[in-house]
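*Asks:* Just so we're aligned, residue -4 is where the sequence shown starts under the numbering used here, counting upward by one.
From the three backbone atoms N, C-alpha and C, an ideal C-beta is built for every residue, glycine too.
Owing to the predicted nature of the structure, the values given are computational and were not obtained by experimental measurement.
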Amino acid sequence: MTSDSTGVVDAVPGDQELRRLLAGLTAVRDGDFGTRLPDDADGLMGDIATVFNGMVDQLSVFTSEVTRVAREVGTEGTLGGQAEVPGVSGTWADLTDSVNAMAGNLTTQVRDIAQVATAVAKGDLSQKIDVPARGEILQLKETVNTMVDQLSAFADEVTRVAREVGSEGRLGGQAQVPGVAGVWRDLTDSVNHMAGNLTSQVRSIAQVTTAVAEGDLSQKITVDARGEILELKSTINTMVDQLSAFA
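And the structure:
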């Protein structure tokens, strides 16, 4: 038995109580937060039990919340979750804040990337990822933004060439999309090949018909053609032959 300065006598923890405390501390060390100390004791042992049980309660809530957020974000793909651990302070509060900051950043980044990807899928190339990012998320951000830039340039150039050739009748235009590769390079080449062929064919037809109009029947359409353009070429060349024979 001991007494403090007020004369209040405190019972010194006995061997059995110390063994219970040791067992509880060992359980916490091993990650078992199901152990509690009897809190009906008086004096020092009662205070120790109260503090120990409160500590275990907070650790249990902390681990449960961190596990929940990690499972939601990392396994289930459910974003927006935050760990709620009331009453913690010090390192435990710092750890909770760190987990919540990580989950919050990841939520913002993934949702921003998803928003831009969805916009691209719907044909909206006006959006870019602007959320702050680092590391591999930054690399993904830059890759997606570069993709959007290239798709936008590709769409603008193809639209321009199609408008010039198909609507304005301006021939000779070519799509310029620097940096594209793969399918986008193939599509650009196909558009340019189409525009180039059409330019050559129309200009050759125009040259021969102009010559005919000026009384020159010595020229024929020699440019390669297929389909309806080939039919037109054959018709004009036959016309030139007939006019030449008549003349």
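Comparing alpha-carbon positions, which option in S121, V64, V126 lies nearest I108?
*Replies:* Nearest option by C-alpha distance: V126.
*Asks:* How many Å lie between Q145 and N100 at the Cα?
*Replies:* 27 Å
*Asks:* Please classify G2 as buried or exposed, where buried requires at least 16 neighbouring CB atoms within 10 angstroms.
*Replies:* Bear in mind that the predicted position of G2 carries a pLDDT of just 47, short of 50, making it too unreliable to give a figure here.
*Asks:* Note the first and the last residue of the continuous alpha helix (DSSP H) segment covering Q196.
*Replies:* 177 to 208
*Asks:* Find the nearest neighbour of T183 within the set G85, A242, F149, judged by alpha-carbon distance.
*Replies:* F149
*Asks:* Hey, would you say V218 sits closer than 7 Å to S199, going by beta carbons?
*Replies:* yes
*Asks:* Under three-state DSSP, which class holds T217?
*Replies:* Looking at T217 - three-state DSSP - the assignment turns out to be coil, as it is neither helix nor strand.
*Asks:* Taking Cβ to Cβ, would you say W87 is nearer than 7 Å to F57?
*Replies:* yes
*Asks:* Can you name, in chain order, every residue of its own chain whose Cβ lies under 6 Å from the Cβ of Q104, other than the five neighbours on each side?
*Replies:* These residues qualify, in order along the chain: V126, A128, I132.
*Asks:* Between the C-alpha atoms of R31 and A116, what's the straight-line distance to the nearest angstrom?
*Replies:* Cα to Cα, the separation comes out at about 56 Å.
*Asks:* Report all residues from its chain with a CB closer than 8 Å to the CB of R15; omit the five preceding and five following residues, and keep chain order.
*Replies:* L32, P33
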